[in-house]
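K.L.:
Here this note's numbering is used: the first residue of the sequence shown is 7, the next is one more, and so on. No residue lacks a Cβ here, since even glycine has one placed at the ideal position from N, Cα and C.
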Amino acid sequence: MRRIFILAMMFCLLGFNVKAVSLISDEETESYLYDILKPIFNAAELPLRRDYIHIVKDDSLNAFVGDQNRMFVHTGTLIKATNSNEIEGVLAHETGHILGGHILRLKIKMQDLQKATLASMVAAAGAAAASGRGDAAIAVVLGAQSSAINAMSAYQMSEERAADETAVLLLGKNHKSVKGLKDFMTKIQNA
7 MRRIFILAMM FCLLGFNVKA VSLISDEETE SYLYDILKPI FNAAELPLRR
57 DYIHIVKDDS LNAFVGDQNR MFVHTGTLIK ATNSNEIEGV LAHETGHILG
107 GHILRLKIKM QDLQKATLAS MVAAAGAAAA SGRGDAAIAV VLGAQSSAIN
157 AMSAYQMSEE RAADETAVLL LGKNHKSVKG LKDFMTKIQN A
């Protein structure tokens with residue numbers, strides 16, 4: 007039972023899979039994205055440099071922001087977008103994440119949840135050692151992990167809503183339609 011408990015603890019600590027991204031360089035596409043992003047960043051009062059834009063070789067419908075206002079757009083997003091308004095909506099949404107400070111806040115939230123999960127593991131290990139009941143300790147650890155996952159999901163949903171709201175404001179400042187944003191979000195939901 008002790009081995010199962012140790013394996014469960016290792017799974018909880020190491021079970022997060024981080025996938026490396028493969029970047030591609032395409033000057034024409036990067037210039038296209040820069041031209042779309044420039045008025046959005048201007049409306050957001052953010053500085054923009056060409057090296058802030060990166061293309062990720064991945065067929066999925068996705069884009070994300072990284073540290074230092076860097077934006078990553080998947081090739082799948084570029085290929086499956088029907089028009090430039092959809093790309094504009096995606097870039098405005100990601101700019102919403104930058105303005106909201108979501109990257110830093112996400113890191114802090116993850117650290118807090120990891121600390122809480124680790125504290126539960128330590129308490130469970132102590133309880134297991136004192137009682138000789140490894141199965142109860144495993145249940146406590148798995149419950150803590152499930153709670154952390156649920157808390158993270160709720161947190162991310164609120165960040166996505168906030169990024170959408172900011173995207174609508176940024177598009178409005180540029181007198182642009184939100185139809186592209188709406189249409190592409192529908193594509194993502196249906197994918």
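Quick check on this structure: which residue in 159, 188 and 192 has the alpha carbon closest to the alpha carbon of residue 173?
P.N.:
For this step, residue 173 is matched to residue 167 along the sequence shown. When each option's Cα is compared against that of residue 173, the closest is 188.
K.L.:
Taking its Cβ as the centre, do 16 or more other Cβ atoms sit within 10 Å of residue 126, making it buried, or is it exposed?
P.N.:
Taking the first residue of the sequence shown as 1, we reach residue 126 at position 120. It counts as buried.
K.L.:
I think residue 184 touches residue 95, with their Cβ atoms under 8 Å apart; what is that distance to the nearest whole Å?
P.N.:
To locate residue 184, count along the sequence shown from 1; it is residue 178. To locate residue 95, count along the sequence shown from 1; it is residue 89. Contact flag correct, Cβ pair sits at about 7 Å.
K.L.:
Go through the region 67-149 residue by residue and report every complete run of the alpha helix (DSSP H) that reaches 4 residues or more, in order.
P.N.:
Complete alpha helix (DSSP H) runs here, min 4: 81-86, 90-105 and 108-137.
K.L.:
Just how far apart, CA to CA, sit residue 158 and residue 165?
P.N.:
Along the sequence shown, read from residue 1 onward, the residue named residue 158 stands at position 152. Along the sequence shown, read from residue 1 onward, the residue named residue 165 stands at position 159. Their Cα atoms are separated by approximately 10 Å.
K.L.:
Considering only residues of the same chain and omitting the five flanking positions on each side of residue 28, which have a CB-CB separation below 8 Å?
P.N.:
Within the sequence shown, residue 28 is the residue found at index 22, counting from 1. Taken in chain order, the residues that qualify are 62, 63 and 64.
K.L.:
With residue 40 as the anchor, note down where its alpha helix (DSSP H) starts and where it stops.
P.N.:
In the sequence shown, the residue the question calls residue 40 occupies position 34. Here the alpha helix (DSSP H) through residue 40 covers 33-50.
K.L.:
Between residue 71 and residue 42, is the Cβ-Cβ spacing less than 8 Å?
P.N.:
Within the sequence shown, residue 71 is the residue found at index 65, counting from 1. Within the sequence shown, residue 42 is the residue found at index 36, counting from 1. Not a contact, by the Cβ cut-off of 8 Å.
K.L.:
According to DSSP, residue 181 sits in a beta bridge with which residue or residues?
P.N.:
To locate residue 181, count along the sequence shown from 1; it is residue 175. Partner(s): none; residue 181 has no beta bridge.
K.L.:
By the DSSP assignment, the beta strand (DSSP E) with residue 62 in it spans what residues?
P.N.:
Position 56 of the sequence shown holds residue 62. Here the beta strand (DSSP E) through residue 62 covers 59-62.
K.L.:
Using C-beta distances below 8 Å, list every residue in its chain close to residue 35, excluding the 5 sequence neighbours before and after it, in chain order.
P.N.:
Locating residue 35 in the sequence shown gives position 29, where the first residue counts as 1. Excluding positions up to five away in sequence, the list reads 61 and 84.
K.L.:
Quick one: residues in its chain with C-beta nearer than 8 Å to the C-beta of residue 89, no 5 flanking neighbours on either side, listed in chain order?
P.N.:
Looking up residue 89 in the sequence shown gives position 83. 186, listed in sequence order.
K.L.:
Checking 8 Å against the spacing of the C-beta atoms, do residue 38 and residue 56 come in under that value?
P.N.:
Position 32 of the sequence shown, counted from the first residue, corresponds to residue 38. Position 50 of the sequence shown, counted from the first residue, corresponds to residue 56. No, the pair does not count as a contact, with Cβ atoms beyond the cut-off.
K.L.:
Any idea what DSSP makes of residue 29, helix, strand or coil?
P.N.:
The count along the sequence shown starts at 1 and reaches residue 29 at position 23. Looking at residue 29 - three-state DSSP - the assignment turns out to be strand.
K.L.:
Compute the beta-carbon to beta-carbon distance between residue 180 and residue 45, rounded to the nearest angstrom, for a pair I have assumed lies under 8 Å.
P.N.:
One-based indexing of the sequence shown puts residue 180 at position 174. One-based indexing of the sequence shown puts residue 45 at position 39. Sure, about 5 Å apart at Cβ, within 8 Å.
K.L.:
Decide if residue 91 is buried, meaning its Cβ has at least 16 other Cβ atoms within 10 Å, or exposed.
P.N.:
For the purposes of this step, residue 91 is taken as the residue at position 85 of the sequence shown. It counts as buried.
K.L.:
Within 10 angstroms of the Cβ of residue 155, are there 16 or more other Cβ atoms? Answer buried if so, exposed if not.
P.N.:
Your numbering for residue 155 matches position 149 in the sequence shown. Flag for residue 155 reads exposed.
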